[in-house]
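**Q** There's a structure below that I have some questions on.
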Amino acid sequence: MFINWKTRELNLNIVYYGPALSGKTTNLEKIHARLKPEVRSELFMLNTHEDRTIFFDFLQLTIGELYGLRPKFGLYTVPGQVYYTVTRETVLTRADAIVFVVDSQAARLEDNRDSWRDMRVQLQRLNRSLETTPLVIQLNKRDLPSALPIATLQAELGLGTWPCIEAAAVRGQGVQETLHAIIHAELADVQRKLAAARVAPGASA
């Protein structure tokens, strides 16, 4: 979280995390396409082997202000392959909130498990934990016949009580709901932090 007092902007970063080809890029592309050009930046894309990392910024003008500040969100994906560990950790250092995108297909269960474990380990290296980081789970590809039952995914991956949202991102289903849920969770977390710190102009958090 960074506060730009000159522009009265509250800069927050949301990272879409998950195994390769789970639908992270599709989520951001759908969100970007629905936003008005005047409130978003261009979509920047870095192609990696088998996957893509993309990011863009946007101003959320419909939710009002916090302490006189306008929330500005940066949305990022990270490459899911195991050999991009350093890249994922670098992006996670900037994450104020996380959307974990699960590939619901039965054949991808182990990939989901590995990615979930990897995320927790990397957060621990950064002296952070999921318990103190705003998190929403997106159960993607629910439209496919090979999708596992939600209860099975929750049990096998140990998703606990984190909010889970069903999605078929390629069709646009569940994309906005996921975004709204993580923004709500993130702003609630920020409001608690700002209230506790009684942040004043000239400070950053």
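Numbering-wise, the numbering used here puts 165 at position 165 of the sequence shown, and it's gapless, one number per residue. The beta carbon of each residue, even a glycine, is placed where N, CA and C say it ideally should be.
To the nearest angstrom, how far is it from the Cα of A107 to the Cα of V15?
**A** Each residue's alpha carbon lies about 24 Å from the other.
**Q** If we count the other Cβ atoms within 10 Å of its Cβ and call it buried at 16 or more, is V39 buried or exposed?
**A** It is exposed - the Cβ of V39 has fewer than 16 other Cβ atoms within 10 Å.
**Q** Count the CB pairs spanning the segment 134-144 and the segment 156-173 that are closer than 8 Å, and state whether there are at least three.
**A** Because the criterion of three Cβ pairs below 8 Å is met, the segment 134-144 and the segment 156-173 touch.
**Q** Who are Q105's beta bridge partners in DSSP?
**A** According to DSSP, which records beta bridges pairwise, Q105 is partnered with A147.
**Q** When DSSP labels each residue in this structure, what does Q191 get in the three-state scheme?
**A** If DSSP states are grouped into helix, strand and coil, Q191 belongs with the helices.
**Q** Can you tell which of G174, I31 and V136 has its C-alpha closest to the C-alpha of W162?
**A** Among G174, I31 and V136, the Cα nearest to that of W162 is on V136.
**Q** Do you know offhand how far A196's Cα is from Q122's?
**A** The alpha-carbon atoms of A196 and Q122 are separated by roughly 27 Å.
**Q** Less than 8 Å between the C-beta atoms of L187 and P71, yes or no?
**A** It is a contact, given that the beta carbons lie within the stated cut-off.
**Q** Note the first and the last residue of the continuous beta strand (DSSP E) segment covering N140.
**A** Run containing N140: L135 to N140, per the beta strand (DSSP E) assignment.
**Q** N4 lies in the beta strand (DSSP E); which residues open and close that run?
**A** First-last of the beta strand (DSSP E) with N4: F2 to N4.
**Q** Between V175 and E156, what straight-line distance do the alpha-carbon atoms span, to the nearest angstrom?
**A** The alpha-carbon atoms of V175 and E156 are separated by roughly 23 Å.
**Q** Is T93 closer than 8 Å to L69 when the C-beta atoms are compared?
**A** Against a cut-off of 8 Å, the Cβ pair of T93 and L69 comes out as no contact.
**Q** If V101 sits next to G18, beta carbons under 8 Å apart, how far is it from one beta carbon to the other, in whole angstroms?
**A** Their Cβ separation, rounded to whole angstroms, is 4 Å, which keeps V101 and G18 in contact under 8 Å.
**Q** Have a look at I182, Q191, S104 and E65 and flag the residue whose alpha-carbon is nearest the alpha-carbon of G74.
**A** With distances taken between Cα atoms, G74 lies closest to I182.
**Q** Does the distance from the C-beta atom of I165 to that of T133 stay below 8 Å?
**A** Not a contact, by the Cβ cut-off of 8 Å.
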